[in-house]
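Under this note's numbering, think of the first position of the sequence shown as 2, with each following residue one higher.
We put the beta carbon where it would ideally sit given N, CA and C, even for glycine.
The structure appears right after this line, and notes come after that.
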Amino acid sequence: MNSYKVSFGTINVLQKNLAEVIVNEGVLMDEVMIDEYHDFLLNTLEAPFGLLINKIYSFSYTFGAQKSIAHLDEMNSMAVVAKTSGAVMSTETLINVNGNINRNIKLFQEKDEALAWLQNELSLIIDKTL
2 MNSYKVSFGT INVLQKNLAE VIVNEGVLMD EVMIDEYHDF LLNTLEAPFG
52 LLINKIYSFS YTFGAQKSIA HLDEMNSMAV VAKTSGAVMS TETLINVNGN
102 INRNIKLFQE KDEALAWLQN ELSLIIDKTL
């Protein structure tokens, strides 16, 4: 696993097409950070890729960031690990704000379950291309 520090947190590359994203405590994600995030993913991962968003800390988004964060065609699936009711509610709000796009996003309480689901989703995509 390779770990990268970015302006808003840490991105752990778990496989060539799978990364874990951890946003630091108190960060306000804005459009500039979303651009950095998308650029990192596109330049580091092989598409189609999966993301594990591990909501260890409390953070928030500007409205513009909320509207653009999930708009990346190369992203196949996203698992969000949210262990608190606040993290679940904020994630559900973010999904609803982006309701106009069709994304494969699922909430989990445990990281192991989220990783297993992501790996299964990615294997289904690989099987379709063979």
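Could you check whether I54 and V22 sit closer than 7 angstroms to each other, using their CB atoms as the reference points? For this step, residue 22 is matched to residue 21 along the sequence shown. For this step, residue 54 is matched to residue 53 along the sequence shown. The answer is yes: Cβ separation under 7 angstroms.
How many Å lie between G51 and V81 at the Cα? Locating residue 51 in the sequence shown gives position 50, where the first residue counts as 1. Locating residue 81 in the sequence shown gives position 80, where the first residue counts as 1. Whole-angstrom Cα-Cα distance: 11 angstroms.
State the start and end residues of the unbroken beta strand (DSSP E) segment that holds A48. Residue 48 sits at position 47 when you count from the first residue of the sequence shown. Element bounds for A48: n/a, residue is neither H nor E.
Which residue wins for smallest C-alpha separation from E32, given the options N18, N44, P49 and T63? Position 31 of the sequence shown, counting from 1, holds the residue named residue 32. With distances taken between Cα atoms, E32 lies closest to T63.
Of the choices A20, E26 and L46, whose alpha-carbon is the least far from that of G10? Here residue 10 is taken as the residue at index 9 of the sequence shown, counted from 1. Cα-wise, what sits closest to G10 is E26.
Going by beta-carbon coordinates alone, are A66 and I35 separated by less than 7 angstroms? What you label residue 66 is simply residue 65 of the sequence shown in a count that begins at 1. What you label residue 35 is simply residue 34 of the sequence shown in a count that begins at 1. In contact: A66 and I35 (Cβ atoms closer than 7 angstroms).
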